[in-house]
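To keep things clear, I will list the structure first and then write my remarks on it.
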């Protein structure tokens with residue numbers, strides 16, 4: 013049976029206009045985007061869905077359509093604008109599948125898949141997933157992330173296990189495969205639109221950062237196979253920091269704790285392009301304060317705990333910042349302090 017014969021027939025606009033009136037049909041066409049359609053199910057004789065919360069059902073007979081809706085206007089009997097909106101939506105689906113079925117192999121396969129029963133298709137897809145362990149793991153994670161409340165403790169354990177250095181990791185191909193698994197994990201987390209607890213998720217990313225730093229201390233990644241995982245990590249971290257509630261100063265301090273220990277450039281060098289401008293300003297103020305405390309020889313945990321490489325990192329960042337602002341006096345001061353620190 014041709015694919016287009018498995019779907020409802022296309023109902024002309026003229027027929028729909030007669031059912032609800034030409035004026036109302038013209039208004040419907042102009043306001044169609046306001047009709048939110050959810051849970052569409054259709055075959056060659058029926059179509060049903062929820063539209064703006066109302067149950068709508070269509071019956072097709074001999075290239076004509078009848079419909080009913082739960083809205084007050086239809087009251088379960090009459091063909092209403094919701095019915096017409098659903099019919100227009102089904103028309104588009106049928107037209108799309110008919111067009112795809114005439115296209116190249118990829119399009120024809122898509123047309124076939126769109127024509128299948130959702131439950132049967134899900135079972136077949138699960139069977140295919142089971143034959144690919146990596147893809148199956150990705151969907152296990154995707155399923156767990158979409159089951160409402162996130163298991164942050166479980167996710168932390170996954171991060172710890174995922175970033176554990178394998179016993180056999182000798183070739184760059186093996187290193188690439190290893191970081192690809194990390195990237196897939198981060199990509200699924202990054203795909204979430206909203207996080208119910210951005211603070212907890214950010215703590216997970218801080219844990220991930222510590223694990224990655226420790227990992228890169230022991231792995232030979234001279235061809236930077238980690239690049240895609242790092243790019244995804246940066247996108248997720250930046251998004252979480254922006255979603256986090258609280259003062260910019262607190263966010264800057266939190267970022268500093270990662271940045272000052274980041275000797276593998278997991279976080280980007282161009283912080284101004286990475287962070288929100290307000291957080292960036294607070295971050296620079298924090299670096300200047302740490303530097304001022306050191307010059308005044310004040311006892312502060314931030315300065316006492318800094319290693320030489322960390323102090324130089326702060327100075328180099330402030331040097332670059334001064335050069336961008338054409339602040340020659342500040343730039344020279346930073347250069348002098350860098351040289352003095354090496355003596």
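Numbering (our numbering), first residue to last: 13 to 355. Just so it is clear, CB atoms sit at the ideal spot from N, CA and C, and this is done for glycine as well.
Sub-7 Å separation of residue i and residue j beta-carbons
i           : j           : result
residue 138 : residue 122 : no
residue 241 : residue 194 : yes
residue 237 : residue 191 : yes
residue 264 : residue 291 : yes
residue 153 : residue 214 : no
residue 204 : residue 96  : no
residue 299 : residue 326 : yes
residue 94  : residue 66  : yes
residue 216 : residue 167 : yes
residue 260 : residue 294 : yes
residue 256 : residue 285 : no
residue 59  : residue 44  : no
residue 219 : residue 171 : yes
residue 331 : residue 346 : yes
residue 22  : residue 77  : no
residue 202 : residue 140 : no
residue 68  : residue 41  : no
residue 254 : residue 229 : no
residue 187 : residue 233 : yes
Sequence-distant residues of the same chain with beta carbon closer than 6 Å to residue i, five excluded per side
i           : result
residue 91  : 31 and 79
residue 224 : 278
residue 245 : 198
residue 175 : 223 and 227
residue 185 : none
residue 311 : Low confidence applies here, because residue 311 scores a pLDDT of 46, under 50, leaving its location unreliable; read the following figure in that light. Same-chain partners within the cutoff: there are none.
Residue i, DSSP secondary structure in three states
i           : result
residue 325 : helix
residue 26  : helix
residue 80  : strand
residue 74  : coil
residue 289 : helix
residue 313 : Unreliable positioning characterises residue 313 in this predicted model, as indicated by a pLDDT of 49, which lies under 50. A coordinate reading is not provided.
residue 261 : helix
residue 89  : coil
residue 236 : coil
residue 330 : helix
residue 123 : helix
residue 106 : helix
8 Å CB neighbourhood of residue i in its chain, flanking five on each side removed
i           : result
residue 50  : 61, 62 and 63
residue 126 : 105, 108, 109 and 112
Same chain, Cβ closer than 7 Å to residue i, five either side skipped, listed in chain order
i           : result
residue 271 : 279
residue 20  : 54, 56, 59, 72, 102 and 106
Beta-bridge partners of residue i, as assigned by DSSP
i          : result
residue 63 : 49 and 66
residue 54 : 59
Check: residue i C-beta below 6 Å from any heavy atom of the ligand GTP
i           : result
residue 299 : Of ligands this structure carries none, so the ligand GTP is not represented either.
Query raised in the report: Is the number of C-beta pairs between the region 41-48 and the region 125-135 that are closer than 8 Å three or more?
Result: Verdict: no, contact absent.
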